[in-house]
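Novice: Residue numbers (the numbering used here), protein chains in the order written: chain A, 180 to 391; chain B, 180 to 391. Quick one: the structure is below, and I'll ask about it shortly.
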DNA sequence: CAAAACTATACGACCGGTCGTGCTTATTTA
DNA sequence: TAAATAAGCACGACCGGTCGTATAGTTTTG
């Protein structure tokens, strides 16, 4: 039953297709990505994709899930293993900033472009994106609340809003400014998140050293 | 020479087409908008559109310009007529927040969706968008600098970054949270911009009254 | 040798774009 | 004032191309 080599081949092709789909969808949009281009990139035939997903929409949903997996591996994962409280929050932000510099700024952000692409288009894809962002917001809010215990956040702070800001500001500012001045994007993302962290933690001794 | 009735008819049709194009492009994307759907919405034939614009790309560029005009009329205009300094900045923000509640939240934001749609797609449309955002950033930075003279902004503040944040945060936070919780979008946009303004102006007596 | 994975081919629908024609309307002419 | 002219505008039909999708056949693999 293992049938390891047999099933492994199909799973490998499926996985490679999803990885390529994330990259291509970031360039041309999740809906703008044609199956022909995806098949050409993979070096396979277009119709073969229908053996793995029954429709393009099914492939789009799988692409969103794959992007979530990549995001969690590269961003959330390192942050979760950092120390608790403010330092943990900062470790997460630092990982995200480096991720922006390495992936978002050169090639665009899959979630940002897809989010805005489907914002006014109800349907399964938009629903899936809503779930993803809701989970992400909950996770961010939890991280912020943990940091609050150590840093004495001002009483009138809206914690869910703060979590949203941390997320939206980093991506939006980085991508927006990329159109105007690519070099400024990294500084903006880093500075913006750092400012947010300072507001969150007035005691500078709690922050990592060597930050401008 | 007046030729009023002759030219006015064509100009009216052209103007109506651009208004509809902005609305439709906000829904399905600037590139996802088909000429057939635009023609159907207008109740005219598709080929008639080519009498006004020689190609779809020309119509897309005209659509961007039209959206800029609308934005300036509804947002920049009221703000420019407000008192100078912090109050003027707040008047601009207040107009933008109301605009979010009335237009962006129900139907999406043309600039946000189009910006991310074309972020990784070089070409004339992206270049036009870059010009628009560069002008917008310059305008915002000028407004912030005028407010600084009255409010004594902290010395280490990055003014261009602040201008970017004010813009990106409002749109991104509003649209992002719309997917998750429509009711929270207005509060988020208002609270986020208000927080920014408070950081900009530590003296509460300079701020408008009745703000929570 | 099955069975799974993949390819080749064809289809209907829709895309942006072109062309030739008729209608509307302002200007010119008598 | 009334007929004639001409220009702008809009229309329907149609083109080549590409889209997502279905079906039948071929190659690969344990």
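Even glycine gets a Cβ: it sits at the ideal position worked out from N, Cα and C.
Using DSSP with H/G/I as helix, E/B as strand and the rest coil, what is residue 169 of chain B?
Specialist: Because residue 169 of chain B is not part of the residues shown, which for chain B are 180 to 391, the question remains open.
Novice: Between A:247, A:230, A:242, A:311, which has its C-alpha nearest residue 209 of chain A's C-alpha?
Specialist: It is A:242.
Novice: So which residues on chain A does residue 216 of chain B lean against when the C-beta distance must stay under 8 Å?
Specialist: Simply none; closest approach about 13 Å.
Novice: Can you tell me whether residue 211 of chain B is helix, strand or coil according to DSSP?
Specialist: The answer is coil: DSSP assigns residue 211 of chain B none of H, G, I, E or B.
Novice: To the nearest angstrom, report how far apart residue 311 of chain A and residue 296 of chain A are at their CA atoms.
Specialist: Rounded to the nearest angstrom, the two C-alpha atoms are 15 Å apart.
Novice: Residue 199 of chain B to residue 230 of chain A, Cα distance in whole Å?
Specialist: Cα to Cα, residue 199 of chain B sits roughly 40 Å from residue 230 of chain A.
Novice: Any residues in the stretch 225 to 245 of chain B with a beta carbon nearer than 7 Å to a beta carbon of chain A? Which ones, in chain order?
Specialist: So the list is empty, because no residue satisfies the distance condition.
Novice: Using beta-carbon positions only, say whether residue 201 of chain B and residue 245 of chain B come within less than 7 Å of one another.
Specialist: Yes. Within cutoff.
Novice: Answer yes or no: does any C-beta atom of chain A fall closer than 7 Å to that of residue 204 of chain B?
Specialist: Not one chain A Cβ lies under 7 Å of residue 204 of chain B.
Novice: Does residue 345 of chain A pass the burial test, meaning 16 or more other C-beta atoms within 10 Å, or should it be called exposed?
Specialist: Bear in mind that a pLDDT of 47 at residue 345 of chain A, under 50, signals an unreliable position, so the number given afterwards is only what the model happens to contain. Classification for residue 345 of chain A: buried.
Novice: Anyone know if the C-beta pair for residue 228 of chain B and residue 212 of chain B falls short of 7 Å?
Specialist: Against a cut-off of 7 Å, the Cβ pair of residue 212 of chain B and residue 228 of chain B comes out as no contact.
Novice: Please name the residue, chosen from B:302, B:249, B:307, B:207, that lies closest to residue 197 of chain B on a Cα-to-Cα basis.
Specialist: It is B:249 whose Cα lies nearest to the Cα of residue 197 of chain B.
Novice: Excluding the five sequence neighbours on either side, which residues of its own chain have a C-beta within less than 6 Å of the C-beta of residue 225 of chain B, listed in chain order?
Specialist: Cβ within range, chain order: 214, 215, 218.
Novice: Do you know offhand how far residue 207 of chain A's Cα is from residue 300 of chain B's?
Specialist: Distance between the alpha carbons of residue 207 of chain A and residue 300 of chain B is about 7 Å.
Novice: Quick one: is residue 205 of chain B buried, meaning 16 or more other Cβ sit within 10 Å of its Cβ, or exposed?
Specialist: Under this definition residue 205 of chain B is a buried residue.
Novice: For residue 211 of chain B, which residues in chain A fall below 7 Å Cβ to Cβ?
Specialist: Those are 210, listed as they occur along chain A.
Novice: According to the neighbour-count rule (16 or more other Cβ atoms, all chains shown, within 10 Å of its Cβ), is residue 307 of chain A buried or exposed?
Specialist: Flag for residue 307 of chain A reads buried.
Novice: Which same chain residues, not among the five before or five after residue 239 of chain B, have their C-beta less than 7 Å away from its C-beta?
Specialist: Same-chain partners within the cutoff: 209, 304.
Novice: Of all Cβ atoms in chain A, is any one closer than 7 Å to the Cβ of residue 263 of chain B?
Specialist: Any reading at residue 263 of chain B must be qualified, since the residue scores a pLDDT of 45, below 50, and its modelled position is unreliable; the value itself is stated next. Judged by the 7 Å Cβ criterion, residue 263 of chain B is not in contact with chain A.
Novice: What is the rounded straight-line gap between the Cα of residue 233 of chain A and the Cα of residue 220 of chain B?
Specialist: Near 33 Å, if we compare the C-alpha coordinates of residue 220 of chain B and residue 233 of chain A.
Novice: According to DSSP, is residue 235 of chain A helix, strand or coil?
Specialist: DSSP places residue 235 of chain A in helix when its eight states are reduced to three.
Novice: DSSP on residue 222 of chain A, reduced to helix/strand/coil?
Specialist: The answer is coil: DSSP assigns residue 222 of chain A none of H, G, I, E or B.
Novice: Any beta-carbon of chain A closer than 7 Å to the one on residue 310 of chain B?
Specialist: No, residue 310 of chain B lies away from the interface with chain A (no Cβ there is under 7 Å from its Cβ).
Novice: Between residue 223 of chain B and residue 195 of chain B, what straight-line distance do the alpha-carbon atoms span, to the nearest angstrom?
Specialist: Straight-line Cα distance between these residues: approximately 11 Å.
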